[in-house]
Each structure stands twice: as C-alpha cells, then as structure tokens.
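Using our numbering, count along the sequence shown one by one with no gaps and you end on 329.
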Amino acid sequence: MEFIAPHMNWWLLAVPVLMGLVAWSWARRRRVLREWGVDGLSTGERSAATRMLRNFLFAVAVTSLVVALADPRGPETSHVLERRGADVVFVLDLSKSMLAADVAPDRLRRATLEIERMLETLRRDRAGLVVFAGTAFMQAPLTTDHAVLRNLMRRLDPHDMPYPGSNLGAGVRKALSLLERTDQGRSQAVVIFTDGEQTAGDARLAAQEAAERNIPLFVVAVGGERGEPIPAVDRDGRPGVLRDASGQPVISRIDEKGLRDLAMATNGRYARVGAAGQGDIVKMLSGLERQMLEQRTVSERSHLYALFAAPALLFLMVGIWFDERATAS
C-alpha cells in the first residue's frame, strides 16, 4: 500500500496523546468517585466504562479518517486501452465561385456548416481537412480533436488561396496522401464539398487511385440549380460580379454529371447539399468499419480510502450513540 499524501499520517501522533489525556481524565474521575461511597462508585464506574468505550471508538474513527485522508493506493495494475474508429478526410473547395450566394448564407459557409454537422456523427473517429483552388493544401491532419477543424474552417477565405482556379483532382490526391495505405480501406473515406467547376487537373485519375485503394469518395455539390454569378470587387473597390472578356457575368453552375460519375467510380455517393441524398452519405459514414487506431497499456493504482473512510463513519456514529448513553447515565 502506498500513500499519495503521506504527510497526513503525522496527525496519527495526536491519537495516543488524546488517548493519554482521556485515560488521565478517567483515572482522576475514578478517584473522585471513590469519595462518594460504594453506590456512587458503582454508578460512576458504569458511566466511566461507557465513556471509555465511546472514547476508544472516537480514537479508532479519527485514526481511520487520517489514513483515508492520506489517500492510500493499492498495488499497481495494468490494462490495455483500445481506441477504434474510422479515418475521414474532408475536401473543401475554396475557389472564388464558392462565394456565390445561391444557397444561404453562401456556398462556402453552407459547406462548412454541413461539415460541422457531419463531424457530430464522427465523434470517435479521426478527421482531416484539405482545401483546394488552383492547388491543394492540407489544413489539418487526421485528428480526433474536431474543434481544430471547426476553428480552421471559420477562418477560411478564397482570397487567401495563392493560385486561382479549381483543381479538384489535386484536392483528392492530397486527401489520399493523408490516409495510410492499409488493407482497411472500408474504414477510410473522402468527403468532398464543391460546386463542381473544374478548371485544372484531372479528377478522374485521382478517383481511379481512390478506387484502387478501396476508398470511397462521397461528393456533396454546393449550389443552386440555375447557377449564380460569382461575387467580385471592381478596381474602385465596389462590390459586383466577375465578368468574362466580353463583359458578361460569369455564371457558376454545378457539374452534376461529372461529380456523380466521380462518386460512382469509387462506390461512393453523390448528393446535393440539403437534399435527401446527403442523409444517405451521413449514414454511410456512420457505417464505416472501425479499425484499431490506438492501443496502449495504462498502469494505475486503485483507491483504498473508502476502506478506511467507511469504518471511520461507522465508529463515529456508534461513538455518538455511546456518548448519549453516557450522558443519560
């Protein structure tokens, strides 16, 4: 047995001192009672014996309480902790077309809100975050600390991306690089939020790589059916829309066929944000196999203070009962 707070045991020295004072008081009382005669002595001895028993119980209670306060621990025991989960990488389109407001509040903010909702179903799983425009960047590696992803997403801005455009293939490849090459493909997935416009790269080749590794791509299209002009600021700093060489507004539309083919090539699922199919994606993420993510041996000592605190309470209650008897005598 080991004590976490051994300094508390110094209070045990007070117990024999108190017992000595009680014994001296009892002997003195006995001498006084002898002067009262036989009847008084007999009654006084019975009362004194009751008080002595009460004092003994109080002493045992104090001793047990002091030992309990010293926080005794039992022998060290070891056990293995296992943590199982899936690995999911979110790929978020950060091209300027994601600023379009055909879904509220705009495509980018709606996508981040949907990712946060999905994270609620992945509480015990690892999640990572990749953003892409003309090229792709890892924002967060696989982690169970989902608050990191939430904080990062709230600060994302397409204007911070160094290369314009929309290279979905680069985003998928970056996501695949975060996932370990194992035989546990059924416990890994990539979830893509994009408006579907591709201006660079080849997403089909990236999807083929994901299919070879048995990693499904779940694609969520963000945007309205008719498309929306892309917000922009003119040279004078006035808000407006992005225009082409002929001065016509550039309309951003979802490439539903391309995105659906991308998902189907990997046995994944395609859905539009807010549609019923998005719920199917959430269910499929919840149904991913959970592989071993971490295994560690933990050593600990059991707490034994209750073995001393409980008797202390019991002796204290019995001592109070004897005290009432002694007072009544």
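The C-beta atom is built at its ideal place from N, Cα and C for all residues, glycine as well.
Original post:
Out of curiosity, what's the CA-to-CA distance linking Leu142 and Arg117?
Top reply: About 18 Å.
**OP:** With DSSP as the reference, label Pro216 as helix, strand or coil.
**Re:** Three-state DSSP puts Pro216 in coil, outside helix and strand.
Original post:
Ends of the alpha helix (DSSP H) at Ile192?
Top reply: Going by DSSP, Ile192 is part of no alpha helix (DSSP H) but of the beta strand (DSSP E) stretching over 188 to 194.
**OP:** For my contact list, Asp195 and Val222 are in at a C-beta cut-off of 8 Å; report their separation, rounded to the angstrom.
**Re:** Taking a contact as a CB-CB distance under 8 Å, the pair Asp195 and Val222 counts as one, their CB atoms being some 5 Å apart.
Original post:
Which whole-angstrom value describes the C-beta separation of Val172 and Phe193, a residue pair presumed to lie in contact below a C-beta threshold of 8 Å?
Top reply: Their Cβ separation, rounded to whole angstroms, is 12 Å, which puts Val172 and Phe193 out of contact at 8 Å.
**OP:** Could you tell me the distance, in whole angstroms, from the CA atom of Arg84 to the CA atom of Leu122?
**Re:** Roughly 12 Å between the two C-alpha positions.
Original post:
What's the C-alpha gap between Leu314 and Arg73?
Top reply: Near 22 Å, if we compare the C-alpha coordinates of Arg73 and Leu314.
Subject >> Status (buried if at least 16 other CB within 10 Å, exposed otherwise) for Arg126 >> reply: That one is buried.
Subject >> Limits of the beta strand (DSSP E) - the one that Val88 falls within >> reply: For Val88, the enclosing beta strand (DSSP E) begins and ends at 87 to 93.
**OP:** Please work out which residues of its chain come closer than 8 Å, Cβ to Cβ, to Arg269, disregarding the five sequence neighbours upstream and downstream, and give them in chain order.
**Re:** Cβ neighbours of Arg269 beyond the five flanking positions: Pro216, Phe218, Val219, Ala263, Gly277, Asp280, Ile281, Met284.
Subject >> Between the CA atoms of Ile254 and Ala207 - distance to the nearest angstrom >> reply: Each residue's Cα considered, the two are about 18 Å apart.
Subject >> Residues that Val131 bridges to, as DSSP identifies them >> reply: Per DSSP, the beta bridge partners of Val131 are Leu92, Phe137.
Original post:
Cα separation between Leu108 and Leu99?
Top reply: So the alpha carbons of these two residues sit roughly 6 Å apart.
Original post:
Are the CB atoms of Ala133 and Lys174 nearer to each other than 9 Å?
Top reply: Not closer than 9 Å, so no.
Original post:
Do you know whose CA, among Arg204, Val191, Leu205, Gly274, lies nearest Glu225's CA?
Top reply: Comparing Cα-Cα distances from Glu225 to each of Arg204, Val191, Leu205, Gly274, the minimum goes to Gly274.
Original post:
Mind checking if Glu120 is an interface residue toward chain B, Cβ cutoff 9 Å exclusive?
Top reply: The chain inventory of the structure shown lacks chain B, comprising one protein chain alone.
Subject >> Terminal residues of the alpha helix (DSSP H) in which Ala111 lies >> reply: Where Ala111 is concerned, the enclosing alpha helix (DSSP H) stretches over 107 to 120.
**OP:** Following the continuous beta strand (DSSP E) through Ala271, name the residue where it begins and the one where it ends.
**Re:** 269 to 272 is the extent of the beta strand (DSSP E) around Ala271.
Original post:
Within 10 angstroms of its Cβ, does Met161 collect 16 or more other Cβ (buried), or is it exposed?
Top reply: Here Met161 is buried: its Cβ has 16 or more other Cβ atoms, across all protein chains shown, within 10 Å.
**OP:** Measuring alpha carbon to alpha carbon, tell me which of Phe90, Ala265, Phe308 ends up nearest Leu65.
**Re:** Between Leu65 and the set Phe90, Ala265, Phe308, the nearest pair of CA atoms involves Phe308.
**OP:** Take Met153 and list the residues in its own chain whose beta-carbon comes closer than 6 Å to its own, dropping the five residues that flank it on each side.
**Re:** So the qualifying residues of the chain are Thr112.
**OP:** Please list, in chain order, all residues of the same chain as Asn267 whose beta carbon is under 7 Å from its beta carbon, the five residues on each side excluded.
**Re:** Counting only Cβ-Cβ distances below 7 Å, and skipping sequence neighbours, we find Pro216.
Original post:
Of the choices Leu18, Leu94, Glu256, whose alpha-carbon is the least far from that of Arg272?
Top reply: Comparing Cα positions, the closest option is Glu256.
**OP:** Go ahead and pull the three-state DSSP assignment for Arg290.
**Re:** Here Arg290 sits in coil by DSSP.
Subject >> Buried or exposed (CB count within 10 angstroms, at least 16 for buried), Ala104 >> reply: Ala104 is exposed by the Cβ-count criterion.
Original post:
Does the beta-carbon of Ala202 have 16 or more other beta-carbons within 10 angstroms, so that it is buried, or is it exposed?
Top reply: A small fix is needed here, since residue 202 is Asp in this sequence, not Ala. It counts as exposed.
**OP:** Please state if the CB of Leu69 and the CB of Val130 are separated by a distance shorter than 9 Å.
**Re:** Between Val130 and Leu69, the CB-CB gap reaches or exceeds 9 Å.
Original post:
Bridge partners of His303, per DSSP?
Top reply: According to DSSP, which records beta bridges pairwise, His303 is partnered with Arg73.
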